[in-house]
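Numbering (the working numbering), first residue to last: 4 to 106.
These notes concern the structure reproduced below.
Structure follows, in structure tokens:
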């Protein structure tokens, strides 16, 4: 099967800024994204776990975005401005897709 090269941005951020991240992605022409709950982890501030948390504060989510390499710098620069003042991590990966028209 023929595949097509794309870029994937993985954004792990605090739940309270998710709507802002989503607005910035849409405003940059991103055609779609997926949001997953981040259940626990270990980072520069130690271990964290969402078990027992009430409300959005302290909860983390992962946002997955697949896009053309030509759009990466523009989207990444904008999203970095949103996420950088908060706790969060942004990573970039090379991915292959089978339906390029979706991205």
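All C-beta atoms, glycine included, are put in the ideal place defined by N, C-alpha and C.
Under the three-state DSSP convention, the category residue i falls into
i	result
residue 42	coil
residue 107	With the chain covering only 4 through 106, there is no way to say anything about residue 107.
Proximity winner among the options, relative to residue i (alpha-carbon distances)
i	options	result
residue 73	23, 16, 29 and 11	11
residue 96	14, 4 and 5	14
residue 23	88, 49, 71 and 106	88
residue 91	106, 45, 102 and 98	45
residue 17	104, 102, 85 and 27	85
residue 30	81, 105 and 103	81
Beta bridge counterpart(s) of residue i as assigned by DSSP
i	result
residue 20	Bridge partners of residue 20: none, in fact.
residue 47	Residue 47 is not bridged to any residue.
residue 11	69 and 96
residue 63	17 and 41
8 Å contact criterion, which residue i and residue j should meet: CB distance rounded
i	j	result
residue 33	residue 68	6 Å
residue 106	residue 9	6 Å
Does the region 63-77 come close enough to the region 33-40 that 3 or more CB-CB pairs lie under 8 Å? yes
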